[in-house]
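Protein chains in written order, with the numbering used here: chain A, 359 to 472; chain B, 20 to 239. Backbone N, C-alpha and C fix where the C-beta goes; we use that ideal spot for every residue, glycine too.
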Ligand SMILES: [Zn+2]
């Protein structure tokens, strides 16, 4: 359950950022989570709700999670493909000479404040 | 009226920054760092004991133990005569860079060639936390499923080496070595693969040689 550590880290970043902008309330946190990040969406959402606490600033904050599928670039095929599941194998030539374009993200895109 | 503030910030950037600091410190002290991860029961501690047995003659080694349940592993390692410090994670499922930084006060870094971190037995949680290591080793055993890499993609993706342990038990299991190699490479085409048995000693020389090479290349 490292999602708890991640939720605490998110809250920490959000509080710091909110303070910087003099926010009274954080409405929403938009998070991008790649399928290769090792993070479970449900567990993270649950953890976030558990730690966001009773402070006015974050009591009603919505954690919005955008899952990003694995995307690869195959060098021999010179094309962009969706990975099969988590794999970085090219679905066209079945080769491994690929570069990962998307899938390892774990980042806060933006926050919405009042 | 709500205001949108763009962050585009990695959630674990604080851990990443601390890990980068550690990496600089390790480089200046010329100590190589190896982070070992596995499921519980993979034989990681046995492999570590064997590694210490063969390498501690020629290298000055320290061990950080991340087992959260008990200090059994730390006691086993201490018997090899190598300095060991057990991290008290307070029940956490993984180690973080900050825990490693605190543990360093128990070692004389300038005297070490190699610091081995035995991470918590868990293939999910430790994957996201950079500890400043130069080598990440994932240990699996033939008594586990050969689909392990596909179940824990983040870990196999981030590891430099996969050690397939308990290779002597292969005839008694339906573990398919070729399949696990293919699964691991489909996530991480560059992953290096070694096979070991702590019982028969098979593959242990190659493994020790590999670690020795890592330490030597670190000092260049
Ligand atoms: Zn291709």
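Extent of the continuous beta strand (DSSP E) run through residue i
i	result
residue 49 of chain B	Here residue 49 of chain B belongs to no beta strand (DSSP E), and DSSP marks it neither H nor E.
residue 107 of chain B	That residue, residue 107 of chain B, is in no beta strand (DSSP E); it is neither H nor E in DSSP.
residue 82 of chain B	80-84
residue 214 of chain B	211-214
residue 458 of chain A	456-460
For residue i: DSSP bridge partner residues
i	result
residue 390 of chain A	A:424, A:465
residue 25 of chain B	A:468
residue 437 of chain A	A:432
residue 184 of chain B	B:160
residue 56 of chain B	B:157
residue 383 of chain A	Per DSSP, none; premise fails for residue 383 of chain A.
First and last residue of the uninterrupted alpha helix (DSSP H) at residue i
i	result
residue 373 of chain A	361-378
residue 120 of chain B	116-122
residue 66 of chain B	63-74
residue 138 of chain B	First-last for residue 138 of chain B: 133-140, but that is the beta strand (DSSP E), not the alpha helix (DSSP H).
residue 206 of chain B	196-206
residue 399 of chain A	399-409
residue 149 of chain B	Element bounds for residue 149 of chain B: n/a, residue is neither H nor E.
residue 92 of chain B	91-97
residue 238 of chain B	Premise fails: residue 238 of chain B is in no alpha helix (DSSP H) and is neither H nor E.
residue 175 of chain B	172-177
- Message: Using a Cβ-Cβ cutoff of 9 Å, what residues of the region 394-423 of chain A are near chain B? List them in chain order.
- Response: Shown in chain order are the members of the region 394-423 of chain A whose Cβ falls below 9 Å from a Cβ of chain B: 394, 395, 396, 397, 398.
- Item | Near-chain A residues of the region 35-51 of chain B (beta-carbon distance less than 9 Å), N- to C-terminal order | Those would be none; no residue qualifies.
- Item | the region 106-121 of chain B in contact with the region 147-157 of chain B per 3-pair CB rule at 8 Å | As far as the Cβ criterion goes, the region 106-121 of chain B touches the region 147-157 of chain B, which means the pair count is three or higher.
- Task: Spell out a yes or no on whether the region 425-442 of chain A and the region 401-416 of chain A are touching, meaning 3 or more CB-CB pairs, one atom from each, closer than 8 Å.
- Result: Cβ pair count under 8 Å is below three, so no.
- Starting from the N-terminal end, write out each residue whose C-beta falls within a distance shorter than 6 Å of any non-hydrogen atom of ligand 2. Only ligand 1 can be found as ligands here, which leaves ligand 2 out of the picture.
- Between the region 218-225 of chain B and the region 170-187 of chain B, do at least 3 Cβ pairs fall closer than 8 Å? Contact between the region 218-225 of chain B and the region 170-187 of chain B is present, because at least three Cβ pairs lie under 8 Å.
- Is the region 50-65 of chain B in contact with the region 130-139 of chain B, if contact means three or more CB pairs nearer than 8 Å? With the cut-off at 8 Å, the region 50-65 of chain B and the region 130-139 of chain B touch.
- Task: Please list the residues of the region 434-446 of chain A that have a C-beta atom closer than 8 Å to any C-beta atom in chain B, keeping them in chain order.
- Result: Those would be 443, 444, 445, 446, in chain order.
- Segment contact flag, the region 203-210 of chain B with the region 224-237 of chain B, C-beta cutoff 8 Å, min 3 pairs: Three or more beta-carbon pairs separated by less than 8 Å are not found between the region 203-210 of chain B and the region 224-237 of chain B, which leaves the two stretches without contact.
- Against chain B: residues of the region 448-469 of chain A by CB proximity under 7 Å: Those residues of the region 448-469 of chain A that come within reach of chain B (Cβ to Cβ, closer than 7 Å) are 454, 464, 465, 466, 467, 468, 469.
- Taking three-plus beta-carbon pairs below 8 Å as touching, is the region 371-382 of chain A in contact with the region 396-403 of chain A? In short, these stretches do not touch, since the Cβ pair count stays below three.
- Give a yes or no on contact between the region 52-71 of chain B and the region 154-166 of chain B, applying the rule of three or more CB pairs nearer than 8 Å. Yes, since at least three Cβ pairs between the region 52-71 of chain B and the region 154-166 of chain B fall closer than 8 Å, the two stretches touch.
- Item | Interface residues of the region 368-384 of chain A facing chain B [CB-CB below 7 Å] | If the cut-off is 7 Å between Cβ atoms, the region 368-384 of chain A has 368, 371, 375, 379 near chain B.
- Message: So if I threshold CB-CB distances at 7 Å, which residues from the region 139-156 of chain B count as touching chain A?
- Response: Answer set for the region 139-156 of chain B: 143, 144, 146, 147.
- Message: For the region 86-105 of chain B against the region 187-200 of chain B, do three or more pairs of beta-carbon atoms, one drawn from each stretch, fall closer than 8 Å, so that the two count as touching?
- Response: Counting C-beta pairs closer than 8 Å gives fewer than three between the region 86-105 of chain B and the region 187-200 of chain B, which falls short of the contact rule.
- Task: Could you tell me whether the region 21-34 of chain B touches the region 452-469 of chain A, where touching means 3 or more Cβ pairs closer than 8 Å?
- Result: Contact between the region 21-34 of chain B and the region 452-469 of chain A is present, because at least three Cβ pairs lie under 8 Å.
- Is there contact here, the region 377-388 of chain A with the region 442-462 of chain A, by at least three beta-carbon pairs under 8 Å? With a cut-off of 8 Å, the region 442-462 of chain A and the region 377-388 of chain A do not count as touching, because too few Cβ pairs lie within range.
- Task: Please name the residues in the region 152-185 of chain B whose beta-carbon is closer than 8 Å to at least one beta-carbon of chain A, in chain order.
- Result: Answer in chain order: 169, 171, 172, 173, 174, 176.
- Short-range partners of chain A found in the region 23-34 of chain B, where Cβ spacing is below 9 Å: For the region 23-34 of chain B, the set of positions with a beta-carbon nearer than 9 Å to some beta-carbon of chain A reads 23, 24, 25, 26, 27, 28, 29, 30, 31, 32, 33, 34 in chain order.
- Message: For the region 184-217 of chain B, list every residue whose C-beta sits within 7 Å of some C-beta in chain A, in sequence order.
- Response: For the region 184-217 of chain B, which is checked against every Cβ of chain A, the residues closer than 7 Å are 204, 205, 206, 208.
- Using a beta-carbon distance cut-off of less than 7 Å, what residues from the region 100-113 of chain B approach chain A? The residues in question are 112, 113.
- Closer than 7 Å, Cβ to any Cβ of chain A: which residues of the region 50-67 of chain B, in chain order? Listed by position along the chain: nothing, the set is empty.
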